[in-house]
Amino acid sequence: MLYCSNCDIKYQSDQAQKFCDKCGGPVQMIEDRSISSVTPTHATGMESVTSPTDNDTVELKMPRQTDPSPPSATNLEIGDRVTNVYNNASSQDYCAYGGERVYQDKSFRCPECGRDPICTDHFDKTLRLCSFCVESRTQSCSTCNTKGLADDMAKCPKCLKIFCSDHSNANSELCLECSEQWANVVAAMESGEVAISMGTVIGTDEITIKGDSIITKDGYPVATIKENTWYASPKQWYRVKNQLLVQEKQAMGRFYPNMNLDFSKDENAHWNGTVTTWSGKSYSVRLSYPAAFPYRPPKAYILDPKIERSRHIYPDGHLCLFHKDDKAWQINTTGATVMSWVSLWLHCYEAWLETGDWPRPEA
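The sequence shown begins at 37 in the numbering used here and counts up one residue at a time.
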């Protein structure tokens, strides 16, 4: 039999046929049974095709349709990553943050926490972090509630609040609110209208007058640098020295309750305690009474931290609280008043360290 392989046309062998009538291609002599199209039976989803005979029509069968239902799967959890492992060995991933379907070409691994995979919606390409890590680094400004990365925010050393750049002072580590309060304190020190509560200078806008007493808005007593007298005349000093000491204790106990009275070996009285300034720094202070008290004022010393330099400290270490000729000290002035001067001195000292200027008039 003659056969054209191009057109799949057969011709009788007794015909003097050399070329195909349809395509013009050469025909060849073959045996009848050699014309077969056999598909390996091991091909998945295909039926085998047997050899056709001269009178057979070849029927090509399409691959069988598979079951449209998805294959069974098992959730495999490894840390924060969830992978669906299918019976046909294929897998699909879900975002470790939001659970969305993740495709291999659109997934990320967080270099900080190691979460993998992370979808594009929950991965910050600028920071190269997942949403978990971005949120852990995010803080809110206590003033305007604006959110920002912790590296872009600051913490006020005074009030300990978090603030953004819009509420910061370029010349200070304080937040804008505390910077304004400190400016009011410095202005009060310069004006002479100084109010001191428990050793801390406060602005005049933070005090109120109740009867004949000055108190803070929270009800704490307020001292001034003016005389805090004990209502004892000089005559009482000579007659009832013990009563004078009682009056001194009462004055100090009202305005500086954290000060403790003690006596040295030579029986001179002195107060020891701590003064905390507006900035939050604490100083260990000693107030020593002279033997000639009340005709001479007590001397104040800063024990800790040691103040290395200041132009308002005497060589023996006691503070220069007032000029000897300005008559600030009177015999009816208490040690509590001197403690107010000490507190004011410390606030001026801190302002001087920061700006180079001493807020109060200098001798």
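We put the CB at the ideal spot given by N, CA and C, even for glycine.
So Tyr337 is in the beta strand (DSSP E); what residue range does that whole segment cover?
Unbroken beta strand (DSSP E) run through Tyr337: Lys335 to Asp340.
Whole runs of the alpha helix (DSSP H) within the stretch 145 to 172, excluding any shorter than 4 residues:
167 to 172
Does DSSP put Val138 in a helix, in a strand, or in coil?
strand
Pick out whichever of Arg347, Lys285, Met288 and Val378 has its Cα sitting closest to the Cα of Val321.
For the residues Arg347, Lys285, Met288 and Val378, the minimum Cα distance to Val321 belongs to Val378.
Relative to the C-alpha of Lys191, which candidate in Asn181, Gly184, Lys142 and Cys211 has its C-alpha closest?
Nearest C-alpha to Lys191: Cys211.
For the beta strand (DSSP E) that contains Trp388, what are its first and last residues?
Unbroken run through Trp388 is the alpha helix (DSSP H), Gly371 to Thr391; no beta strand (DSSP E).
Can you tell me whether Thr369 is buried or exposed? The criterion is at least 16 other CB atoms within 10 Å of its CB, across all chains shown.
buried
For the beta strand (DSSP E) that contains Asp298, what are its first and last residues?
Note, Asp298: beta strand (DSSP E), Asn296 to Phe299.
Around the Cβ of Pro62, are there at least 16 other Cβ atoms within 10 angstroms (buried) or fewer (exposed)?
exposed
So Thr260 and Ala219 are in contact, right, with Cβ under 8 Å, and what is the actual spacing, rounded?
Incorrect: roughly 20 Å between the Cβ atoms, too far for contact.
May I ask you to report which of helix, strand or coil DSSP gives His348?
coil
Are the CB atoms of Val374 and Pro333 nearer to each other than 9 Å?
yes
To the nearest angstrom, how far is the alpha carbon of Met234 from that of Tyr256?
8 Å
Work out the CA separation of Asp202 and Gln140 for me, nearest whole Å.
Looking at the two C-alpha atoms, the distance is approximately 42 Å.
Beta-carbon separation (whole angstroms), Asn304 vs Met295, contact threshold 8 Å
Rounded, the Cβ-Cβ distance is 16 Å, inconsistent with contact.
Backbone CA spacing between Pro341 and Ser215 [nearest angstrom]:
24 Å
Per-residue burial, Tyr292 [other beta carbons within 10 Å of its own, 16 or more giving buried]:
buried
DSSP on Ser105, reduced to helix/strand/coil?
Residue placement at Ser105 is flagged as unreliable, the pLDDT there being 44, under the threshold of 50; the coordinate-derived value follows with that caveat. Note: Ser105 maps to coil in three-state DSSP.
Where Gly289 falls: helix, strand or coil (DSSP)
In this structure, Gly289 counts as helix in the three-state DSSP scheme.
Looking at the secondary structure, which residues open and close the beta strand (DSSP E) in which Gly309 lies?
It spans Ala305 to Thr312 - the beta strand (DSSP E) in which Gly309 sits, taken as one unbroken run.
How far does the beta strand (DSSP E) with Gln175 in it extend, from its first residue to its last?
The continuous beta strand (DSSP E) containing Gln175 extends over residues Thr174 to Ser176.
Suppose the cutoff is 6 Å on Cβ atoms and the five residues either side in sequence are ignored; what does the same chain contact list for Glu136 look like?
Cys155
Taking all protein chains shown into account, decide if Asp393 is buried (16 or more other Cβ within 10 angstroms of its Cβ) or exposed.
exposed
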